[in-house]
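To keep things clear, I will list the structure first and then write my remarks on it.
2 protein chains.
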Amino acid sequence: MTVEKGTPSGVQTSLLRIQEAAAEVGLTPRSVRYYEELGLLKPAARSEGDYRLYDETDVERLKFIKGLRDDAGFSLGEIAQLLEDEAARERGHAAYHATTDPAARLQILTDRAARYRHQIEMLRGKIERLQAMVDDAEARLGRTNGKIEALGAETGEGPASTTDLPDVPSRPLEAAR
Amino acid sequence: MTVEKGTPSGVQTSLLRIQEAAAEVGLTPRSVRYYEELGLLKPAARSEGDYRLYDETDVERLKFIKGLRDDAGFSLGEIAQLLEDEAARERGHAAYHATTDPAARLQILTDRAARYRHQIEMLRGKIERLQAMVDDAEARLGRTNGKIEALGAETGEGPASTTDLPDVPSRPLEAAR
DNA sequence: CGCAACCTTGCCGTTTACGTGAAAGTACGG
DNA sequence: CCGTACTTTCACGTAAACGGCAAGGTTGCG
Chain C
0 MTVEKGTPSG VQTSLLRIQE AAAEVGLTPR SVRYYEELGL LKPAARSEGD
50 YRLYDETDVE RLKFIKGLRD DAGFSLGEIA QLLEDEAARE RGHAAYHATT
100 DPAARLQILT DRAARYRHQI EMLRGKIERL QAMVDDAEAR LGRTNGKIEA
150 LGAETGEGPA STTDLPDVPS RPLEAAR
Chain A
0 MTVEKGTPSG VQTSLLRIQE AAAEVGLTPR SVRYYEELGL LKPAARSEGD
50 YRLYDETDVE RLKFIKGLRD DAGFSLGEIA QLLEDEAARE RGHAAYHATT
100 DPAARLQILT DRAARYRHQI EMLRGKIERL QAMVDDAEAR LGRTNGKIEA
150 LGAETGEGPA STTDLPDVPS RPLEAAR
């Protein structure tokens, strides 16, 4: 971890330049700029010479985006939606501080909770469908293992029966819907 | 359900023409042809005049493909991989019947099982990462709900304290990795 | 057999999500 | 102050995943 050269004196809050931030998340600088172009994030700051500078929360946000894209398979458009919710939360945060009216605050918090529930629902839906696929694949695996066992018994003990193999009905998976 | 016109006398094994098959799965004929072009499937038959004709297993396969694409967010390339496994299974099926050698059959079944486990692993991986996101979102929801309750108590009982709101640390989600 | 509705194979267009320079500015160790 | 590596903003190029259209063949009721 020697401060090779281009490291902006790795002290303090340590703002990262685009390449460093991108590398830490596993993205390319180009992608990060593109995400910014789409309004998915904005660097915490800009240097004197207009270099993008990212802080810790930016990196987390990028990780979140990458997770949604890679793991959940969301399009950047869909991610923009979810992050717009996030933005709304931020604005709500400000609004929350702007008022002392308990009713207003309750409204803000309720909305925020609703957005979370919405996100959770989306993710849960995907998980359920994936789980259905896993279940199905496991069933097939189970049948195959059963046949392996049966074959092992046959081999090890003697001729059981020349039954023409009760294979699984040549159905792909079933894959929910 | 009147046999309007273009229905090929909906009897028997009922082979579907591309539009019917596509509609049943929620795809467009164009997509189905494209999938074929990529080698993801081949219609069970062709009519006299070269019309594509799909059977039940084709439809299941299309559903599977759509599931992987929409739910799991796999690219068609990745799906092609998984389906290549499927194809290998089919070939294995034939090979299985071509031999009576228990050792050979065991090999075939073992390979098949391995492919299933591979598929299951991929899906499980995605599920885990998605679950991590859900957990994180739920934690945030929990904190928000906590604040809602606190506010309810404050409203219902009297002025508690004007503490400047102990909000959650403005971190997006965390999203595994 | 007539014709509307569907199908076929091209082939070009489009959107998404970047890759890849080009031209010019910036940061920084030496 | 210099060189080099990194950065900036255009701008064009590309692979993936289709949409849409054209030109022509097929199905099948009437």
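Going down the list, the sequences are from chains C and A. All letters in the first sequence, in the order written, are residues 0 to 176 by numbering that gives the first Met the number 0. All letters in the second sequence, in the order written, are residues 0 to 176 by numbering that gives the first Met the number 0. A virtual CB, placed ideally from N, CA and C, is assigned to each residue, including glycine.
DSSP beta-bridge partners of residue i
i     : result
C:Y53 : C:L15
C:A44 : C:L52
Closer than 7 angstroms: residue i CB and nearest the ligand MG heavy atom
i     : result
A:E59 : The ligand content of the structure shown is nil, which means the ligand MG is not present either.
Assigned exposure category for residue i - 16 Cβ within 10 Å defines buried
i      : result
A:E19  : buried
C:K41  : exposed
C:G100 : Before going further, note that residue 100 of chain C is Asp rather than Gly in the sequence given. By the 10 Å Cβ count, C:D100 comes out exposed.
C:E85  : buried
A:R51  : buried
C:D49  : exposed
A:A136 : buried
A:Y33  : exposed
C:A21  : buried
A:L14  : buried
A:A71  : buried
C:R90  : exposed
A:T143 : buried
A:G145 : exposed
C:V139 : Residue identity differs from the one stated: residue 139 of chain C is Arg in this sequence, not Val. That one is buried.
C:A174 : Interpretation of C:A174 is limited by its pLDDT of 35, a score under 50 that renders its predicted location unreliable; the figure taken from the coordinates is listed afterwards. With 16 or more Cβ atoms within 10 Å of its Cβ, C:A174 is classed as buried.
A:R111 : buried
C:G66  : buried
A:R114 : buried
C:K4   : With a pLDDT of 43 at C:K4, under the threshold of 50, the modelled position of this residue cannot be trusted, and the question is left open.
Secondary structure of residue i, DSSP reduced to three states
i      : result
A:A20  : helix
A:L182 : Shown here, chain A extends from 0 to 176; a query on residue 182 of chain A therefore has no answer.
A:T143 : helix
A:G124 : helix
A:G254 : Residue 254 of chain A lies beyond the range of chain A shown here (0 to 176); nothing can be said about it.
C:L39  : coil
A:L26  : coil
A:M0   : Note that A:M0 has pLDDT 44, beneath the 50 cutoff, so the model's placement of it is unreliable and no number is given.
Any chance you could list the alpha helix (DSSP H) runs of at least 4 consecutive residues sitting entirely within the stretch 73-117 of chain C, in chain order? 75-97, all fully within the stretch 73-117 of chain C.
Residues, ordered as in the chain, of the stretch 107-134 of chain A that lie near chain C by beta-carbon distance below 7 angstroms: So the close ones are L108, T109, R111, A112, Y115, R116, Q118, I119, L122, R123, K125, I126, R128, L129, Q130, M132, V133.
What residues from the stretch 91-105 of chain C come within 9 angstroms of chain A, judged by C-beta to C-beta, listed N to C? Correct list: H92, Y95, H96, T99, P101, A102, R104, L105.
For the stretch 137-151 of chain C, enumerate the residues whose C-beta is nearer than 8 angstroms to any C-beta of chain A, in chain order. Residues passing the 8 angstroms Cβ filter: E137, R139, L140, T143, N144, K146, I147, L150, G151.
Positions along the stretch 46-65 of chain A whose CB lies within less than 7 angstroms of some CB in chain C: Taken in chain order, the members of the stretch 46-65 of chain A whose beta-carbon sits within less than 7 angstroms of a beta-carbon on chain C are T56, E59, R60, K62, F63.
Tell me which residues of the stretch 29-47 of chain C have at least one Cβ-Cβ distance to chain A shorter than 7 angstroms, keeping chain order. Cβ contacts with chain A: none found.
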